[in-house]
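All remarks here apply to the structure that follows.
Now the structure itself:
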């Protein structure tokens, strides 16, 4: 696990500073302006010179409403490199023995666990939010999973929200598991945005050692994903691959390439710099099983291409095998 920084971010909120409840709705304007500039420049993509074969995993949320085991099965059948498990109400999503069995049976490592910090999971494991995070970390530790993804706290969560940044650091120090805090988005109320997260929906300016960037959330928030990953540097631990149009208040989680987010360029930049994290596909596939599988295959091909896996998997022409000396 990467060590924490020795000092807080200069842009982090001052202790005790009050945060306004709402602000003017600026996300749509800023997003359109950023997109216009990128498209006007020809939306160039980096040349591919991958320095590492970055793994591509499948999130259990990508197979909803199918279950956890179906995610492992599809990941193995289609050819993903592992799985992210969203800890939720189904028993098999939170039982280490069952998860270990799935991982071994389908030969799919668990790359990450997503803590039950979503709004609709507030009743899981009681009302104490720290219990949700720490129990997930303990499961990860038992299974040898390196990363736990967690959402920033809601502002109404009191002491948990006020102490979240330091609390995350303490749990990482205690357990040796990376807690990668995920970017979210404001809730929109007409012409205003409700600032419902503390310290903010964007964790990149806070003093976290590990951060998850979700490209669909960036679209909804109107954030510039390329600027986010560049600003984070090595603190970027995890990428949720999805797309979004940025034209709705909804979190769309479209297949990459079907929105206007720079999904391809994000993947290329990460591969070119030898990024040490994992890419996890998190898209909506609520159709029939056949359609779901088609989407997941399409998304894997997209990710592998822009990560440059085809360049790294090219066989050595001097090696034995098809086209090699043994065939001559």
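In my numbering, the protein residues as written are 470 to 797. Cβ atoms here follow ideal geometry from the backbone N, Cα and C, with glycine treated the same way.
Problem set entry | DSSP state of residue 518 mapped onto helix, strand, coil | Counting from 1 along the chain shown, the entry for residue 518 is found at position 49. DSSP places residue 518 in coil when its eight states are reduced to three.
Exercise. Where does residue 601 land, buried or exposed, given buried means 16+ other C-beta within 10 angstroms?
Worked result: Against the chain shown, residue 601 aligns to sequence position 132. With 16 or more Cβ atoms within 10 Å of its Cβ, residue 601 is classed as buried.
Exercise. DSSP state of residue 599, grouped into three classes?
Worked result: The residue you call residue 599 lines up with position 130 of the chain shown. Helix.
Problem set entry | Cβ contact (3+ pairs, closer than 8 Å) linking the stretch 664-671 and the stretch 708-717 | no
Exercise. Taking the C-alpha atoms as reference points, what is the distance between residue 559 and residue 535?
Worked result: Counting from 1 along the chain shown, the entry for residue 559 is found at position 90. Counting from 1 along the chain shown, the entry for residue 535 is found at position 66. Each residue's Cα considered, the two are about 11 Å apart.
Exercise. Does any C-beta atom of chain D lie closer than 9 Å to the C-beta of residue 753?
Worked result: Given the protein chain composition of this structure (a single chain), no chain D is represented.
Exercise. Considering only residues of the stretch 631-673, which uninterrupted beta strand (DSSP E) runs meet the minimum length of 3 residues and lie entirely inside it, listed in chain order?
Worked result: 647-651, 656-658 and 661-663
For this session: Please work out which residues of its chain come closer than 6 Å, Cβ to Cβ, to residue 644, disregarding the five sequence neighbours upstream and downstream, and give them in chain order.
Result: Translated into the one-based positions of the chain shown, residue 644 becomes position 175. Only 606 and 610 meet the Cβ criterion.
Exercise. What do you reckon, are the CB atoms on residue 561 and residue 580 nearer than 9 Å?
Worked result: Position 92 of the chain shown, counted from the first residue, corresponds to residue 561. Position 111 of the chain shown, counted from the first residue, corresponds to residue 580. It is not a contact, given that the beta carbons lie outside the stated cut-off.
Problem set entry | residue 744 burial status per 10 Å Cβ neighbour count (16 or more: buried) | The sequence position of residue 744 within the chain shown is 275, counting from 1. Residue 744 is buried by the Cβ-count criterion.
Problem set entry | Endpoints, the alpha helix (DSSP H) within which residue 567 is located | Walking along the chain shown from the start, residue 567 turns up at place 98. Run containing residue 567: 565-574, per the alpha helix (DSSP H) assignment.
Exercise. Between which two residues does the beta strand (DSSP E) containing residue 709 stretch?
Worked result: Here residue 709 corresponds to residue number 240 of the chain shown, with the count starting at 1. 705-710 is the extent of the beta strand (DSSP E) around residue 709.
Exercise. Do you know offhand how far residue 641's Cα is from residue 730's?
Worked result: Reading the chain shown from its first residue, position 172 is the one you call residue 641. Reading the chain shown from its first residue, position 261 is the one you call residue 730. Straight-line Cα distance between these residues: approximately 31 Å.
For this session: With a threshold of 16 other CB atoms inside 10 Å of the CB of residue 627, please say whether the residue is buried or exposed.
Result: Position 158 of the chain shown, counted from the start, is the residue given in the question as residue 627. Under this definition residue 627 is an exposed residue.
Problem set entry | Euclidean distance between Cα positions of residue 735 and residue 591 | Residue mapping note: residue 735 aligns to position 266 of the chain shown, counting from 1. Residue mapping note: residue 591 aligns to position 122 of the chain shown, counting from 1. Each residue's alpha carbon lies about 32 Å from the other.
Problem set entry | Simplified DSSP assignment, three categories, for residue 531 | By 1-based counting over the chain shown, the position of residue 531 is 62. In this structure, residue 531 counts as helix in the three-state DSSP scheme.
Exercise. Exposed or buried, what is residue 755 when buried is set at 16 or more other beta-carbons lying within 10 Å of its beta-carbon?
Worked result: Start at 1 with the first residue of the chain shown, and residue 755 comes out as number 286. Classification for residue 755: exposed.
Exercise. Between residue 552 and residue 577, which are expected to be in contact by the criterion C-beta below 8 Å, what is the C-beta distance as a whole number of angstroms?
Worked result: As a position in the chain shown, residue 552 is number 83, starting the count at 1. As a position in the chain shown, residue 577 is number 108, starting the count at 1. That pair is a contact at about 5 Å.
Exercise. Comparing alpha-carbon positions, which option in 759, 686, 746 and 651 lies nearest residue 728?
Worked result: Taking the first residue of the chain shown as position 1, residue 728 is located at position 259. Considering only alpha carbons, the answer is 686.
Exercise. Quick one: what's got a C-beta closer than 7 Å to residue 539's C-beta in the same chain, skipping five residues either side?
Worked result: Locating residue 539 in the chain shown gives position 70, where the first residue counts as 1. Hits under 7 Å: 532.
For this session: Kindly indicate which residue of 740, 567, 525 and 763 has the alpha-carbon position closest to the one of residue 777.
Result: As a position in the chain shown, residue 777 is number 308, starting the count at 1. Answer by Cα proximity: 740.
Problem set entry | Where residue 684 falls, given that 16 or more other Cβ within 10 Å makes a residue buried | For the purposes of this step, residue 684 is taken as residue 215 along the chain shown, with counting starting at 1. Buried, since its Cβ has 16 or more Cβ neighbours within 10 Å.
Exercise. Given a threshold of 16 other Cβ atoms within 10 Å of its Cβ, counted over all protein chains shown, does residue 702 qualify as buried or as exposed?
Worked result: Working through the chain shown from its first residue, we reach residue 702 at position 233. Exposed is the call here.
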